[in-house]
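Working notes for the structure below.
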Amino acid sequence: MIETAKYNKTLVFWAACAGLAFFGVAMLSLGPILGPLNANVEGATALPSTLSIGIIIGTLVFGPVVDRFGYKWLLVLGALCTLAGLQGLSNFSTLGVLHISMLSLGIGGGILNGETNALVAEIYDDEHRGMRLSVLGAFYCVGALGWTLMNHFIPEYKIPLDTMSVVMAGFIVYFCFIKFPAAKPQGASSLGKTLSLLKYPVLVLFAVILFFQSGFEGISGSFTVKYLEDTGVMDVGAATLSLTAFTVGMLIGRLLLGYVMKALSNMATLYVYLFVALVGVGMFYYGSEATMIYTAMALIGFGVGATYPVAFNYLGGVFRDMSGTAFSISIFIALCGQFAFNKVIGIFFEKGDYIYFPVALCGAIIIMMILLPVAVGSAKNKDK
């Protein structure tokens with residue numbers, strides 16, 4: 546563990562929380578404003594794909610860079626890219642500027658997501674890492690909720706964009722004036738050295754778990770509203786509120802996660818959370834009233850809120866010397882899961898086969914439950 550005397554853990558932790566909150570803004574940046582953007586510029590519906598490409602690039606970049614050069618200036622760069630993306634959305638003149646803005650926003654978000662988790666995993670020991678990662682994860686929900694609520698109450702999307710930009714600029718100054726953990730002493734990074742981590746089953750197994758976790762989250766965000774509307778459960782306005790219930794559920798789950806992890810083992814904690822999510826999926830499938838649907842979505846959000854913090858807690862403990870690279874690989878594989886699930890469910894929806902949506906949600910949870918003990922066993926056997 547790197548010496549803590551050179552930096553203040555609390556200041557660094559709050560910097561990480563701010564960074565992940567900004568990733569929450571980046572991930573949901575288009576949700577509330579895509580309609581108005583598309584009304585002003587033809588072709589804006591292609592912007593989510595550009596955002597996804599940017600996030601993948603940022604995810605691949607951050608790991609090897611922070612392991613070799615440290616956290617501070619890449620965190621500043623990630624926040625600056627995100628800020629530039631928000632300002633591009635606020636002041637665009639052409640579709641090309643919008644795509645550049647979304648690419649910048651995605652790259653910044655990908656850096657912030659991976660780096661903040663790796664940073665918190667590094668500065669805390671095994672006793673405190675799990676709780677701190679759970680609190681950190683809650684700030685993703687804080688950013689996402691803050692952004693969506695701001696746009697709900699302020700219809701003119703330029704005002705929320707500019708307001709968030711000012712807040713972000715203030716935190717960038719904060720990042721510049723505090724000390725962060727130093728770079729880890731190691732030889733030159735290379736693609737071969739990075740890929741060599743894939744020989745460890747613990748990394749591959751937890752990455753596959755995150756593959757299904759991200760796939761679950763991806764289709765939940767992309768297809769829940771359409772599923773509820775097209776199957777006649779509720780209209781689009783009421784269905785959209787179900788996503789807020791999902792995010793609130795995840796926020797509550799992550800705020801409570803640290804306390805649950807103190808009472809139970811990490812594996813038992815994740816099983817409890819995933820079981821809650823499974824119950825939520827069952828309620829969602831059989832629900833026919835708004836109250837039941839909102840309760841189901843809150844349970845689903847609560848249940849899947851533990852997977853990332855618990856997985857990163859294990860990986861952060863096992864790969865202390867290359868935690869950034871390990872997180873980079875695992876998040877990249879997770880993003881592949883999000884893309885794959887969205888693609889497959891999109892094909893089924895085009896054919897009108899809506900039943901595969903709850904089936905995919907249920908299947909993802911069950912597969913994670915099956916893989917979990919194998920992954921935990923590999924973590925215990927790995928002497929890093």
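Numbering-wise (my numbering), the sequence shown opens with residue 546 and increments by one. Every residue, glycine too, gets a C-beta built ideally from N, C-alpha and C. Just so it is clear, the structure is predicted and the values come from calculations on it, not from any experiment.
Exercise for review: Please classify Pro903: does DSSP put it in a helix, a strand, or coil?
Suggested key: helix
Point to revise | Endpoints, alpha helix (DSSP H) assigned at Ala563 | key: Lys554 to Met572
Practice item. Note down the Cα distance separating Tyr818 from Asn658, rounded to an integer number of angstroms. Key: 22 angstroms
**Study point:** Under 8 angstroms between C-beta atoms of Thr661 and Gly798
**Key:** no
Check your understanding: Nearest to Phe568 by CA position, among Met713, Phe637 and Val642, is which residue?
Key -> Met713
Review point. Using a Cβ-Cβ cut-off of 7 angstroms (strictly less than) and excluding sequence neighbours within five positions of Pro581, which residues of its own chain qualify?
Key: Tyr702
Point to revise | Val855 beta carbon less than 8 angstroms from that of Thr792 | key: no
Practice item. Can you grab the Cα-Cα spacing for the pair Leu622 / Ala689, in whole Å? Key: 21 angstroms
Review point. Is the CB-CB distance between Pro746 and Ser923 below 8 angstroms?
Key: yes
**Study point:** Buried or exposed by the 16-neighbour rule on C-beta atoms within 10 Å, applied to Pro705
**Key:** buried
Exercise for review: With distances taken Cα to Cα, identify the nearest neighbour of Ser646 among Pro593, Ser765 and Leu788.
Suggested key: Pro593
Check your understanding: Can you give the Cα-Cα distance for Ala733 and Asp612, rounded to whole angstroms?
Key -> In this prediction, Ala733 has a pLDDT of 49, which is less than 50 and means its spatial position is unreliable; what the coordinates show is noted afterwards. So the two alpha carbons sit approximately 10 angstroms from each other.
Point to revise | Neighbourhood of Arg677 by C-beta distance below 7 angstroms, restricted to the same chain and skipping five residues each side | key: Phe558, Val665 and Tyr669
Check your understanding: Out of Tyr719, Tyr853, Asn858 and Leu786, which has the shortest C-alpha to C-alpha gap to Tyr839?
Key -> Leu786
Review point. Would Leu634 pass as a contact of Ala571 if the rule is Cβ separation under 8 angstroms?
Key: no
Point to revise | For Leu917, the nearest candidate out of Gly846, Gly603 and Ile754 (CA to CA) | key: Ile754
Review point. Are at least three pairs of beta-carbons, each pair with one atom in the segment 877–895 and one in the segment 821–833, less than 8 angstroms apart?
Key: no
Practice item. Could you check how far apart the C-beta atoms of Leu631 and Phe637 are, in whole angstroms? I think they sit under 8 angstroms. Key: Actually they are not in contact, since the Cβ atoms of Leu631 and Phe637 sit about 11 angstroms apart, beyond 8 angstroms.
Review point. Helix, strand or coil: which one does DSSP assign to Ala550?
Key: Reliability fails at Ala550, whose pLDDT of 47 lies under 50, so the model's placement of it is uncertain and no value is given.
Check your understanding: On the three-state DSSP scale, how would you describe Ala733?
Key -> Annotation note: pLDDT 49 at Ala733 (below 50); position unreliable, coordinate value reported separately. In this structure, Ala733 counts as coil in the three-state DSSP scheme.
**Study point:** Same chain, Cβ closer than 7 angstroms to Leu750, five either side skipped, listed in chain order
**Key:** Leu916, Val919, Ala920 and Ser923
Review point. Taking buried to mean at least 16 other C-beta atoms within 10 Å of its own C-beta, is Lys724 buried or exposed?
Key: exposed
Check your understanding: Which same chain residues, not among the five before or five after Ala841, have their C-beta less than 6 angstroms away from its C-beta?
Key -> Gly825, Met828, Phe829 and Gly832
Point to revise | Contact set for Val687: own chain, Cβ-Cβ below 6 angstroms, skip 5 residues either direction | key: Ala566
Practice item. Would you mind stating whether Gly803 and Ser679 have Cβ atoms separated by less than 8 angstroms? Key: yes
Practice item. Closer than 7 angstroms by C-beta to Asp780: which residues in its own chain qualify, once you throw out the five before and the five after it? Chain order, please. Key: Glu774
Practice item. List the endpoints of the continuous alpha helix (DSSP H) containing Glu762. Key: Pro746 to Asp775
Check your understanding: What's the C-alpha gap between Glu834 and Thr769?
Key -> 15 angstroms
Exercise for review: Tell me whether Ala784 is buried or exposed, calling it buried when 16 or more other Cβ atoms sit within 10 Å of its Cβ.
Suggested key: buried
Review point. Per DSSP, what kind of secondary structure is Glu701 in: helix, strand or coil?
Key: coil
Check your understanding: What is the rounded straight-line gap between the Cα of Leu579 and the Cα of Gly655?
Key -> 20 angstroms
**Study point:** Ile912 in three-state terms, based on DSSP
**Key:** helix
Practice item. Can you grab the Cα-Cα spacing for the pair Asn696 / Ser741, in whole Å? Key: 44 angstroms
**Study point:** Euclidean distance between Cα positions of Ala683 and Phe894
**Key:** 31 angstroms
Check your understanding: Would you call the CB atoms of Gly760 and Met795 closer than 8 angstroms?
Key -> no
Review point. Excluding five sequence neighbours on each side, which residues of the same chain lie with their C-beta closer than 8 angstroms to the C-beta of Asn811?
Key: Gly675, Val855, Asn858, Tyr859 and Val921
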